[in-house]
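Novice:
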Amino acid sequence: MRGAVALLALTAASAAPASPDPLPAASTYVALGSSYAAGARIGAPAPSTPVRCGQTVNNYPRLVAARLHLDLVDASCGGATTEHLLHRWDELPAQLDHLTPATRLVTVTIGGNDVHLVADLARAECVPPREGSATRCDRPPAPTAAEWARLERNLTRVARAVHRRAPRAQLAFVGYLDMLPARPCASIPYDAAALARARATFRRLARLTAAVARRERATLLRAGALSRGHDSCSAEPYAVGHSDTGASWHPTAAGHAAVATALVRLLDATIGRPHAPRSASRLMSSKG
């Protein structure tokens with residue numbers, strides 16, 4: 191079953207350009223995205239990176255760079271929306287500004303914050319009863335049609351900017367790992383209605399990202415498919431709900447490792463291995 195899920199994640203939506211150039215060792219790889227790319231609280235903080243971005247040494251961009259012997263520029267940042275890929279964010283440059291004509295691989299994990307995914311996942315937690323009070327479950331409003339439309343426009347702008355700024359780069363959209371089970375459990379303190387709403391948001395975000403990837407000649411890794419059997423209630427979660435130790439409503443170290451493995455397999459299938467091995471990848475920060 192695990193092999194079938196991995197195959198689905200790898201083959202379901204590759205819309206990459208035909209016969210892309212092989213990816214040599216020491217090629218520049220730029221990682222764009224939010225905390226789901228940065229690796230919030232899954233390991234030691236990545237050195238020489240903006241503290242507020244929450245990049246960690248075990249995030250999937252660093253694992254991919256190490257395996258494929260690439261020079262990584264990690265621009266991912268917790269809290270980022272598509273606007274922060276396109277435009278400056280206080281002291282941080284637009285994430286897209288890290289691309290150059292020499293860039294050969296770009297990954298993008300973004301969109302959840304545009305539709306307040308993590309914020310709403312946390313808000314929807316049911317509060318246990320206290321001294322005679324009933325269990326209270328919040329009902330955050332669903333993302334609006336305008337928010338979904340703006341997200342689709344911005345994802346399209348991001349893809350086109352990548353192709354324009356880095357014309358030789360392979361662009362890969364990496365979806366969001368999904369921690370939601372079929373039924374609530376201790377780490378998913380939801381009622382049935384809240385769980386259904388959250389699952390609907392995850393599904394719509396995945397569909398929208400896939401549609402943009404197909405239309406804009408990008409490769410897509412369906413991370414949601416990797417999550418099957420690894421939800422927050424499982425023995426080996428790839429993403430967790432409420433947590434007292436890690437980052438609530440975020441991927442785990444195991445999840446980042448699974449994404450890295452799947453992405454390397456996908457890149458092997460579409461653009462091939464680097465030509466020559468190196469002892470280690472070179473990591474570059476994205477200081478503003």
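For what it's worth, our numbering labels the leading residue of the sequence shown as 191, then goes sequentially.
Just so you know, even glycine gets a beta-carbon here, dropped at the ideal spot from N, CA and C.
1) Do you know offhand how far ALA234's Cα is from GLN245's?
2) Between which two residues does the beta strand (DSSP E) carrying THR297 extend?
3) Can you tell me which of the three DSSP states TYR219 falls into?
4) Taking only runs of the beta strand (DSSP E) that begin and end inside the stretch 315 to 378, which ones reach a length of at least 3 residues, in chain order?
5) How far does the beta strand (DSSP E) with LEU410 in it reach, from first residue to last?
6) From the DSSP output, in three-state form, read off ASP261 for me.
7) In whole angstroms, give me the CA-to-CA distance for ARG405 and GLU342.
8) Would you tell me roughly how many angstroms separate the C-alpha atoms of ILE378 and HIS432, rounded to the nearest one?
9) If you drop the 5 nearest sequence neighbours on each side, which residues of the same chain put their C-beta closer than 6 angstroms to that of GLY268?
10) Are there 16 or more other CB atoms within 10 angstroms of the CB of PRO318, so buried, or fewer, so exposed?
11) First and last residue of the alpha helix (DSSP H) that includes GLY229?
12) Buried or exposed: which applies to GLY445, given that a residue is buried once 16 or more other Cβ atoms fall within 10 Å of its Cβ?
13) Hey, could you find the ends of the alpha helix (DSSP H) ARG455 is sitting in?
14) LEU282 bridges to which residues according to DSSP?
15) Secondary structure at HIS440, three-state DSSP: helix, strand or coil?
16) Would a C-beta distance cut-off of 8 angstroms place ALA359 and VAL298 closer than the cut-off?
17) Using a Cβ-Cβ cut-off of 6 angstroms (strictly less than) and excluding sequence neighbours within five positions of ARG326, which residues of its own chain qualify?
18) Taking the alpha helix (DSSP H) that ASP434 belongs to, which residues open and close that run?
19) What is the DSSP secondary structure of THR290, counted as helix, strand or coil?
20) Evaluate ASP304 with the Cβ neighbour count: other Cβ atoms within 10 Å of its Cβ, from every protein chain shown; 16 or more gives buried, anything less gives exposed.
21) For SER438, does the count of other Cβ atoms within 10 angstroms reach 16, so buried, or fall short, so exposed?
22) Closer than 8 angstroms is the cut-off here; do at least three beta carbon pairs connect the stretch 344 to 354 with the stretch 417 to 429?
23) Identify every residue that forms a DSSP beta bridge with ALA429.
24) Quick check on this structure: which residue in ALA284, GLY365 and GLU273 has the alpha carbon closest to the alpha carbon of VAL501?
25) Report the three-state DSSP secondary structure of PRO251 (helix, strand or coil).
26) Quick one: what's PRO235 bridged to in DSSP?
27) Please list the terminal residues of the continuous alpha helix (DSSP H) segment that includes ARG405.
28) When DSSP labels each residue in this structure, what does ARG313 get in the three-state scheme?
29) In three-state terms, what does DSSP make of ALA415?
30) Hey, is the stretch 306 to 317 in contact with the stretch 386 to 399, meaning 3+ C-beta pairs nearer than 8 angstroms?
31) Distance, Cα to Cα, ARG407 vs THR272?
Specialist: To lay it out plainly:
1) Across the structure, ALA234 and GLN245 are spaced so that their CA atoms are roughly 9 angstroms apart.
2) Here the beta strand (DSSP E) through THR297 covers 293 to 299.
3) Three-state result, TYR219: strand.
4) Look at the stretch 315 to 378 and you find these whole runs of beta strand (DSSP E), each 3 residues long or longer: 360 to 364.
5) 409 to 411 is the span of the beta strand (DSSP E), which, as asked, contains LEU410.
6) Three-state DSSP puts ASP261 in a strand.
7) The straight-line gap from Cα to Cα measures roughly 11 angstroms.
8) About 6 angstroms.
9) Around GLY268, the same chain offers SER225, ALA228, ALA230, CYS243 and GLY244 as residues with beta carbons nearer than 6 angstroms, after the five sequence neighbours per side are excluded.
10) By the neighbour-count rule (16 or more Cβ atoms within 10 Å), PRO318 is not buried but exposed.
11) Run containing GLY229: none; DSSP gives neither H nor E here.
12) Classification for GLY445: buried.
13) First-last of the alpha helix (DSSP H) with ARG455: 443 to 461.
14) Residue pairing from DSSP places LEU282 in a beta bridge opposite TRP279.
15) Here HIS440 sits in strand by DSSP.
16) No.
17) So the qualifying residues of the chain are VAL317.
18) From DSSP, ASP434 is part of no alpha helix (DSSP H); its letter is neither H nor E.
19) Coil.
20) Buried is the label assigned to ASP304, since at least 16 other Cβ atoms lie within 10 Å of its Cβ.
21) With 16 or more other CB atoms across the displayed protein chains lying within 10 angstroms of its CB, SER438 is buried.
22) No, because fewer than three Cβ pairs between the stretch 344 to 354 and the stretch 417 to 429 fall closer than 8 angstroms, the two stretches do not touch.
23) Paired residues: PRO441.
24) Residue 501 lies beyond the range of the chain shown here (191 to 478); nothing can be said about it.
25) PRO251 falls in the helix class under three-state DSSP.
26) According to the DSSP secondary-structure assignment, PRO235 is paired through a beta bridge with THR246.
27) Taken as a continuous stretch (DSSP letters only), the alpha helix (DSSP H) holding ARG405 covers 382 to 405.
28) Helix.
29) In the structure shown, ALA415 falls within a helical segment according to DSSP collapsed to helix, strand and coil.
30) The stretch 306 to 317 is in contact with the stretch 386 to 399.
31) Between ARG407 and THR272, the C-alpha separation is close to 19 angstroms.
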